[in-house]
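Student: Residue numbers (full-length UniProt numbering): 1 to 277. After the structure tokens below, expect a handful of questions from me.
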């Protein structure tokens, strides 16, 4: 989910459907909207010589899309062996139960309510299927249950809604918290510095080839927005709606409800840190 249109520093290009790295292929869901950009990116990830694949974020409950994901894997000679979720928002997870029926797979997620099977996902977990290795990276903030998946063999990270291919993401208050989100961005930045991650495979929008630049931009954008919100409060804009109308005046009004969630998270953060009263 995005709270802004295209921002400076984003790559050119639109929706991606097809190979993105040596191991990751995108199947784009047909649920485009101001909040989902071109649609949800459903990722099929597998070792090049493996018959087994992992699917990350089956997407909305759209039987045509779900069957297309299965068929795409099948055309490459692969069987879906496991389903993973980055988080529980419907545009990523609503189709998971039906997808599990189609593929006979387990569904692993951080939130127990989203799991099908006994195994969940947590910090430090490593998912291995057919020689593929995915490292689980907790990235709460957009939602409390948000995860990213580090694909070391491709120097890539699948970020769900934590980092998008275009625009910036919502901190979905009250479930999402700004402090958590900033920590998650720093965690992703560490992956780019310490683990050589170069590519972001996002939940919406095009692939980002400069992972470090993208994360640095997100951190700078959050700092800028936070300063704007703090100044707005000092200038007498008190309610979240008033702050949105002032700070997000250049953003399409259809996105203001989402922006208000982020503003509520920012106001809570400023109050917790004693910066406003």
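Glycine included, C-beta positions come from ideal geometry on N, C-alpha and C.
#1: I'd like to know if the region 42-54 and the region 123-133 are in contact, where contact means that at least 3 CB-CB pairs between them fall below 8 Å.
#2: By a C-beta neighbour count over all protein chains shown, 10 Å radius and 16 as the cutoff for buried, is residue 257 buried or exposed?
#3: Run the CB neighbour count on residue 234, radius 10 Å, all protein chains shown included, and call it buried at 16 or more, exposed below.
#4: My assumption, with CB atoms under 8 Å, is that residue 40 sits in contact with residue 118. Please give the rounded CB distance.
#5: Taking 8 Å as the cut-off, decide whether the C-beta atoms of residue 230 and residue 276 are in contact.
#6: Output the boundary residues of the beta strand (DSSP E) element that contains residue 51.
#7: Express the C-alpha separation of residue 274 and residue 51 in angstroms, rounding to a whole number.
#8: Decide yes or no for the touch test of the region 258-269 against the region 200-208: beta carbon pairs closer than 8 Å, at least 3 of them.
#9: Taking all protein chains shown into account, decide if residue 240 is buried (16 or more other Cβ within 10 angstroms of its Cβ) or exposed.
#10: Inspect the CB distances between the region 14-23 and the region 149-166 and report whether three or more fall short of 8 Å.
#11: When the Cβ atoms of the region 86-102 are set against those of the region 57-70, are three or more pairs found closer than 8 Å?
#12: Quick one: Cα of residue 31 to Cα of residue 38, how far?
#13: Could you tell me the distance, in whole angstroms, from the CA atom of residue 78 to the CA atom of residue 53?
#14: In angstroms, rounded to a whole number, what distance separates the CA positions of residue 173 and residue 128?
#15: What residue from 158, 246, 164 and 115 has the CA that sits closest to residue 136's CA?
#16: How many Å lie between residue 181 and residue 199 at the Cα?
#17: Given this structure, state the Cα-to-Cα distance separating residue 13 from residue 160, to the nearest angstrom.
#18: Return the CA-CA distance between residue 25 and residue 175, expressed in angstroms with no decimal places.
#19: When the Cα atoms are used, what is the spatial distance from residue 212 to residue 141?
#20: Could you tell me whether the Cβ atoms of residue 150 and residue 80 are closer together than 8 Å?
#21: The beta strand (DSSP E) spanning residue 202 covers which residue range?
Tutor: On the basis of the data shown:
#1: By the criterion of at least three beta-carbon pairs nearer than 8 Å, the region 42-54 is in contact with the region 123-133.
#2: Within a 10 Å sphere around the beta-carbon of residue 257 sit fewer than 16 other beta-carbons, which makes this residue exposed.
#3: Classification of residue 234: exposed, given that the 10 Å Cβ count is below 16.
#4: Between residue 118 and residue 40 the Cβ distance is about 27 Å, and since that is not below 8 Å, they are no contact.
#5: Their beta carbons are under 8 Å apart, which means residue 230 touches residue 276 by this criterion.
#6: From DSSP, residue 51 is part of no beta strand (DSSP E); its letter is neither H nor E.
#7: If you draw a straight line from the Cα of residue 51 to the Cα of residue 274, it is about 55 Å long.
#8: With a cut-off of 8 Å on Cβ pairs, the region 258-269 is not in contact with the region 200-208, counting fewer than three such pairs.
#9: Buried, because 16 or more other Cβ atoms sit within 10 Å of the Cβ of residue 240.
#10: Yes: at least three Cβ pairs fall under 8 Å.
#11: Verdict: yes, contact present.
#12: Approximately 7 Å, taken between the alpha carbons.
#13: Within the model, the alpha-carbon separation for residue 78 versus residue 53 is close to 6 Å.
#14: Going from the Cα of residue 173 to the Cα of residue 128 covers about 33 Å.
#15: Closest option to residue 136, Cα to Cα, is 158.
#16: Rounded to the nearest angstrom, the two C-alpha atoms are 20 Å apart.
#17: Its pLDDT being 43, under 50, residue 13 is placed unreliably by the model, and nothing is read from it.
#18: So the two alpha carbons sit approximately 30 Å from each other.
#19: The straight-line gap separating the alpha-carbon atoms of residue 212 and residue 141 is approximately 19 Å.
#20: Cβ atoms of residue 150 and residue 80: not closer than 8 Å.
#21: Residues 199-202.
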